[in-house]
Amino acid sequence: MSNYHIKHLEEYYQVYRKSIREPENFWEEVAEEHFVWRKKWDNVLSWDFTKPEVKWFEGAKLNITENCIDRHLATRGDKTAILFEPNNPDEPSEHITYSQLHKRVNQFANVLKAHGIQKGDRVCIYVPMIPELAISLLACARIGAIHSVVFAGFSSTAVATRINDSDCKMVITADGSYRGAKSIDLKGIVDEALEECPGVKTVLVAKRTNSEVHMKEGRDLWLQPLLDAASTECKAEIMDAEDPLFILYTSGSTGKPKGMVHTTAGYMVYTAYTFKNAFQYRENDVYWCTADIGWITGHSYIVYGPLANGATSVMFEGVPSYPDFGRFWQIVDKHNVTQFYTAPTAIRALAKQGVELVEKYDLSSLKVLGSVGEPINEEAWHWYNDVVGKNKSPIIDSWWQTETGGIMITPIPYVTPTKPTYATLPFIGIQPALMDEAGNELKGNQIEGRLCIKFPWPSIARTIWGNHERYRETYFSTYENKYFTGDGALRDEVGYYRITGRVDDVIIVSGHNLGTAPIEDAINEHPAVAESAIVGFPHDIKGSALYGYVTLKDTGESRNHDNLRKEINQLISDRIGPIAKLDKIQFTNGLPKTRSGKIMRRILRKIASKDTSNLGDTSTLLNPEVVQDIMDEAL
Ligand code: WT7
Numbered sequence: 080m081s082n083y084h085i086k087h088l089e090e091y092y093q094v095y096r097k098s099i100r101e102p103e104n105f106w107e108e109v110a111e112e113h114f115v116w117r118k119k120w121d122n123v124l125s126w127d128f129t130k131p132e133v134k135w136f137e138g139a140k141l142n143i144t145e146n147c148i149d150r151h152l153a154t155r156g157d158k159t160a161i162l163f164e165p166n167n168p169d170e171p172s173e174h175i176t177y178s179q180l181h182k183r184v185n186q187f188a189n190v191l192k193a194h195g196i197q198k199g200d201r202v203c204i205y206v207p208m209i210p211e212l213a214i215s216l217l218a219c220a221r222i223g224a225i226h227s228v229v230f231a232g233f234s235s236t237a238v239a240t241r242i243n244d245s246d247c248k249m250v251i252t253a254d255g256s257y258r259g260a261k262s263i264d265l266k267g268i269v270d271e272a273l274e275e276c277p278g279v280k281t282v283l284v285a286k287r288t289n290s291e292v293h294m295k296e297g298r299d300l301w302l303q304p305l306l307d308a309a310s311t312e313c314k315a316e317i318m319d320a321e322d323p324l325f326i327l328y329t330s331g332s333t334g335k336p337k338g339m340v341h342t343t344a345g346y347m348v349y350t351a352y353t354f355k356n357a358f359q360y361r362e363n364d365v366y367w368c369t370a371d372i373g374w375i376t377g378h379s380y381i382v383y384g385p386l387a388n389g390a391t392s393v394m395f396e397g398v399p400s401y402p403d404f405g406r407f408w409q410i411v412d413k414h415n416v417t418q419f420y421t422a423p424t425a426i427r428a429l430a431k432q433g434v435e436l437v438e439k440y441d442l443s444s445l446k447v448l449g450s451v452g453e454p455i456n457e458e459a460w461h462w463y464n465d466v467v468g469k470n471k472s473p474i475i476d477s478w479w480q481t482e483t484g485g486i487m488i489t490p491i492p493y494v495t496p497t498k499p500t501y502a503t504l505p506f507i508g509i510q511p512a513l514m515d516e517a518g519n520e521l522k523g524n525q526i527e528g529r530l531c532i533k534f535p536w537p538s539i540a541r542t543i544w545g546n547h548e549r550y551r552e553t554y555f556s557t558y559e560n561k562y563f564t565g566d567g568a569l570r571d572e573v574g575y576y577r578i579t580g581r582v583d584d585v586i587i588v589s590g591h592n593l594g595t596a597p598i599e600d601a602i603n604e605h606p607a608v609a610e611s612a613i614v615g616f617p618h619d620i621k622g623s624a625l626y627g628y629v630t631l632k633d634t635g636e637s638r639n640h641d642n643l644r645k646e647i648n649q650l651i652s653d654r655i656g657p658i659a660k661l662d663k664i665q666f667t668n669g670l671p672k673t674r675s676g677k678i679m680r681r682i683l684r685k686i687a688s689k690d691t692s693n694l695g696d697t698s699t700l701l702n703p704e705v706v707q708d709i710m711d712e713a714l
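For the sequence shown, the tail end lands on 714 under our numbering, and the numbers increase by one without skipping.
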């Protein structure tokens, strides 16, 4: 019997029980049956959540690109690995076969080596959704360099912070990028960032928009001529199971972004295994995840998971609204997409456009619909299910995080009966727990609490780059011996989970994880600003949007508030990126604070959400009088 592909509910429960009772035997069997190893492990798992330390498949040797590319060459050499769909529908799609991918990754890997990149070096990848992006990740993995992808929508300051935090030696970028009708001067952003990054010696530049860019002598090189001259053979570096594969930054509720470190073997095993089962992937399927590779969803479920299964993975450069809001459905129709994985914010935006743009296209190829990134509300769930899926493609509402590396709670399509807004059951090997605020585990069903995970799974992040103590503090100190997710969840009468949202100061806007602290820091840089507080409030399309309360240094001065709002949003855009701009900015004379000086965000959240019937206990406030003022002037 094979544990690798689950096909009915009984089997799910059977495999799940085995994965919990004998996790080491279970994961060892999966690892043995489905991957190629240069050397097998000495020990399947060792762990200690108090340190915290987790090691999977210790002693094993492998290269993830041999699993994602080389081993498919004999049987799938001419199969499309990456199907690139450009921003402009009039431009041709590009089918990159496994054997072409092999050559292109090797050439790229040789270019990296020729420019001094060695095993363990960090390489920052700031590239739009063009084939070079996927190829650059794999090229780093080929030679054991640690990639750090920065979403190509982040600002120069955000890029610089990330480059410096992990001491990247090299940056890979493009001249520019296309997003719908717009194009963005990526190289210009990199140039600005690098003024603050003395450690970067080389910049490789892919051509996409053919726009004019400045090439700095001795540092910047056009990528294509180097690739053309490079050999198509490059021996894979043999890596240890626990060697870092990549760093990916995610926002925290305080402080600078956290460079989550994922390692090689466990990440590979878990993303491949979840991909196969959570999407019920079969050999001739055409799978499409609409995320950007700049986020974990793209790392795990555009690149590594699909390729480890020899799948065809669609990579889309553009946006859902260009040239019109039918673009997603046109692509599904054009390529006969079988699995479609997107975010609730996109579903809500498309639902708003009506059904005509969906019905124009033939979506009969679809078998599985996925949702990820934030809770999916009931209305969006039904629209997705009825209008897109025609009631025949199960929706997998998959809950997971940058830190978890792979999908953690999800229905298995055609296996787990779905329920609107529920992520349903834990995936194989995952042991969730709901906790109360006092630190007790809540047993039984029909209960709500804070979501933790009790036992390690193979793709858990191993540390925060350069700050293990922060890793311990953030994830392992709230509840003893448990990984704390930062989310709240409830468990219904049959044991299905529904994620209710963040319980910390992280706000999810259009599926993007934003910490309040860096946004407040950006606002406070404005010379007129004394103090600020950001909270989330419900938004039709974005799920949550940002509401800022700002106090000014000199309230007597009559400054134009509209101009100030523009300047503040410009600052945020410069420091973080346009995704972090505020929808509403309210100027106030004070912020509600506790006696210890902490801003009481709970009250600000309620005011922003227009839910002021019960503000809760305000007696501990230092300045209760400001609450009424803020309410009176709320936007
Ligand atoms: C946070 C993690 C993992 C891929 C993208 C986001 C929220 C994610 C769901 C879901 C409800 C969800 C959680 C989580 N989230 N998926 N299906 N239902 N909430 O990765 O940027 O690390 O964000 O996204 O709040 O903690 P991320």
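Quick reminder that beta carbons are idealized off the backbone N, C-alpha and C, glycines included.
Note that the structure is a prediction, hence the values are computed from the model and not measured.
- Task: Pull up the distance between the alpha-carbon of alanine 344 and that of methionine 679, whole angstroms please.
- Result: Position 265 of the sequence shown, counted from the start, is the residue given in the question as residue 344. Position 600 of the sequence shown, counted from the start, is the residue given in the question as residue 679. Spanning the two alpha carbons is a distance of roughly 43 Å.
Three Cβ pairs or more, each shorter than 8 Å: is that satisfied between the segment 606-613 and the segment 432-444? no
Would you report the Cα separation of tyrosine 257 and glutamate 211, rounded to the nearest angstrom? By one-based count along the sequence shown, residue 257 stands at place 178. By one-based count along the sequence shown, residue 211 stands at place 132. If I take the Cα positions, the gap works out to 14 Å.
One or two residues paired with glutamine 418 in a DSSP bridge: Position 339 of the sequence shown, counted from the start, is the residue given in the question as residue 418. DSSP, once it has assigned bridges, lists Tyr366, Val447 as partnering glutamine 418.
Exercise for the section: Can you tell me which of the three DSSP states methionine 80 falls into? Expected result: For this step, residue 80 is matched to residue 1 along the sequence shown. With a pLDDT of 42 at methionine 80, under the threshold of 50, the predicted position of this residue should be treated as unreliable, though the coordinate-derived value follows. It is coil, neither helix nor strand.
I need the DSSP call for threonine 159, collapsed to helix, strand or coil. In the sequence shown, counting from the first residue as 1, residue 159 sits at position 80. Correct three-state label for threonine 159: strand.
inquiry  = Let's see if you can read the secondary structure: which residues bound the beta strand (DSSP E) around proline 323?
reply    = What you label residue 323 is simply residue 244 of the sequence shown in a count that begins at 1. Where proline 323 is concerned, the enclosing beta strand (DSSP E) stretches over 323-329.
If proline 716 and glycine 508 are in contact, beta carbons under 8 Å, what's the gap, nearest whole angstrom? One cannot answer for residue 716 here, as it falls past the ends of the chain, which runs 80 to 714.
Legend entry - Inter-residue CB distance, glycine 138 and histidine 341 (contact presumed, cutoff 8 Å): Your numbering for residue 138 matches position 59 in the sequence shown. Your numbering for residue 341 matches position 262 in the sequence shown. Wrong, their Cβ atoms sit about 19 Å apart, outside the cutoff.
Please list the segments of the alpha helix (DSSP H) lying wholly inside the segment 387-437, counting only runs of 4 or more residues, in order along the chain. 406-414, 423-430
request  = Buried or exposed for glutamine 418, please, with buried defined as at least 16 other CB atoms from any protein chain shown within 10 angstroms of its CB.
outcome  = Here residue 418 refers to the residue found at position 339 of the sequence shown. Glutamine 418 is buried by the Cβ-count criterion.
Notebook entry, point to check: Skipping 5 residues on each side, what residues in its chain have a beta carbon closer than 6 Å to that of alanine 716?
Noted result: Residue 716 falls outside the range modelled here, since the chain spans only 80 to 714, and no answer is possible.
Review point. Any chance the CB of glycine 377 is under 7 Å from a heavy atom of the ligand WT7?
Key: Numbered from its first residue, the sequence shown carries residue 377 at position 298. Because no heavy atom of the ligand WT7 lies under 7 Å away, the Cβ of glycine 377 does not count as near it: no.
Fill in: Span of the alpha helix (DSSP H) around tyrosine 380
Within the sequence shown, the letter at position 301 stands for residue 380. No alpha helix (DSSP H) holds tyrosine 380; DSSP gives it neither H nor E.
Review point. Taking 7 Å as the cut-off, is the CB of glutamine 480 close to at least one heavy atom of the ligand WT7?
Key: Locating residue 480 in the sequence shown gives position 401, where the first residue counts as 1. Indeed, a heavy atom of the ligand WT7 lies less than 7 Å from the Cβ.
Going by other Cβ atoms of all chains shown within 10 Å of its Cβ, with 16 needed for buried, is glutamate 520 buried or exposed? Counting from one through the sequence shown, the residue named residue 520 turns up at place 441. So glutamate 520 counts as exposed.
*Rounded separation between proline 703 and glutamate 453 - CA only*: For the purposes of this step, residue 703 is taken as the residue at position 624 of the sequence shown. For the purposes of this step, residue 453 is taken as the residue at position 374 of the sequence shown. Near 34 Å, if we compare the C-alpha coordinates of glutamate 453 and proline 703.
What span of residues does the alpha helix (DSSP H) with serine 98 cover, start to end?
One-based indexing of the sequence shown puts residue 98 at position 19. Looking at the DSSP string, the run of the alpha helix (DSSP H) that includes serine 98 is 88-100.
Task: CB-CB length for serine 611 against valine 629, believed under 8 Å - done: Start at 1 with the first residue of the sequence shown, and residue 611 comes out as number 532. Start at 1 with the first residue of the sequence shown, and residue 629 comes out as number 550. About 5 Å separates the two Cβ atoms, so the contact holds.
Cβ of arginine 581 versus every heavy atom of the ligand WT7: is any distance shorter than 7 Å? Counting from one through the sequence shown, the residue named residue 581 turns up at place 502. Yes.
Under 8 Å, do lysine 621 and threonine 391 count as touching if we go by C-beta distance? Locating residue 621 in the sequence shown gives position 542, counting from the first residue. Locating residue 391 in the sequence shown gives position 312, counting from the first residue. It is not a contact, given that the beta carbons lie outside the stated cut-off.
Which value, in whole angstroms, describes the spacing of the CA atoms of isoleucine 433 and tyrosine 463? Position 354 of the sequence shown holds residue 433. Position 384 of the sequence shown holds residue 463. Reading the sequence as shown, one finds glycine at residue 433 and not isoleucine. Distance between the alpha carbons of glycine 433 and tyrosine 463: 12 Å.
Could you pull the start and end residues of the alpha helix (DSSP H) that alanine 459 belongs to?
Here residue 459 refers to the residue found at position 380 when the sequence shown is read from its first residue. Unbroken alpha helix (DSSP H) run through alanine 459: 457-462.
Comparing C-alpha positions only, which one of Glu164, Glu552, Gly334 sits nearest to glutamine 409?
Here residue 409 corresponds to residue number 330 of the sequence shown, with the count starting at 1. Selected option, being the one with the closest Cα: Glu164.
Tell me whether the segment 352-360 and the segment 294-305 touch, counting them as touching only if at least three CB pairs, one residue from each stretch, are closer than 8 Å. no
(message) Please report the distance separating the alpha-carbon of threonine 369 from that of valine 416.
(response) If you number the sequence shown from 1, residue 369 lands on position 290. If you number the sequence shown from 1, residue 416 lands on position 337. Answer to the nearest angstrom: the Cα atoms are 12 Å apart.
Practice problem: Evaluate leucine 191 with the Cβ neighbour count: other Cβ atoms within 10 Å of its Cβ, from every protein chain shown; 16 or more gives buried, anything less gives exposed. | Solution: For this step, residue 191 is matched to residue 112 along the sequence shown. Buried is the call here.
Looking at tyrosine 380 and serine 538, is the spacing between their C-beta atoms short of 8 Å? As a first step, residue 538 must be located in the sequence shown, where it is residue number 459. As a first step, residue 380 must be located in the sequence shown, where it is residue number 301. Taking 8 Å as the Cβ cut-off, serine 538 and tyrosine 380 do not qualify as a contacting pair.
task: Determine, using beta carbons only, whether threonine 489 and tyrosine 91 come nearer to each other than 8 Å.
output: Taking the sequence shown and counting its residues from 1, the one referred to as residue 489 is at position 410. Taking the sequence shown and counting its residues from 1, the one referred to as residue 91 is at position 12. Not closer than 8 Å, so no.
request  = Would you identify the three-state DSSP class for methionine 710, choosing helix, strand or coil?
outcome  = For this step, residue 710 is matched to residue 631 along the sequence shown. Helix.
Looking at aspartate 566 and leucine 530, is the spacing between their C-beta atoms short of 8 Å?
Translated into the one-based positions of the sequence shown, residue 530 becomes position 451. Translated into the one-based positions of the sequence shown, residue 566 becomes position 487. Against a cut-off of 8 Å, the Cβ pair of aspartate 566 and leucine 530 comes out as a contact.
*histidine 174 by DSSP, collapsed to three states: which one?*
Translated into the one-based positions of the sequence shown, residue 174 becomes position 95. Of the three classes helix, strand and coil, the one that applies to histidine 174 here is strand, per DSSP.
**Asked** Comparing the CB of asparagine 146 with every heavy atom of the ligand WT7, is any distance shorter than 7 Å?
**Response** Counting from one through the sequence shown, the residue named residue 146 turns up at place 67. Not under cutoff, so the answer is no.
Q. Alanine 502 and isoleucine 587 look like a contact to me (Cβ under 8 Å); what is the Cβ gap, rounded to whole Å?
A. Along the sequence shown, read from residue 1 onward, the residue named residue 502 stands at position 423. Along the sequence shown, read from residue 1 onward, the residue named residue 587 stands at position 508. Not quite, the Cβ-Cβ distance comes to about 15 Å (not below 8 Å), so this is no contact.
- Task: Count the other CB atoms, across all protein chains shown, that sit within 10 Å of the CB of threonine 697; report buried if there are 16 or more and exposed otherwise.
- Result: Start at 1 with the first residue of the sequence shown, and residue 697 comes out as number 618. Exposed, by the Cβ-count rule.
Worksheet item: leucine 300 bridges to which residues according to DSSP?
Response: Along the sequence shown, one-based indexing puts residue 300 at 221. According to DSSP, which records beta bridges pairwise, leucine 300 is partnered with Leu283.
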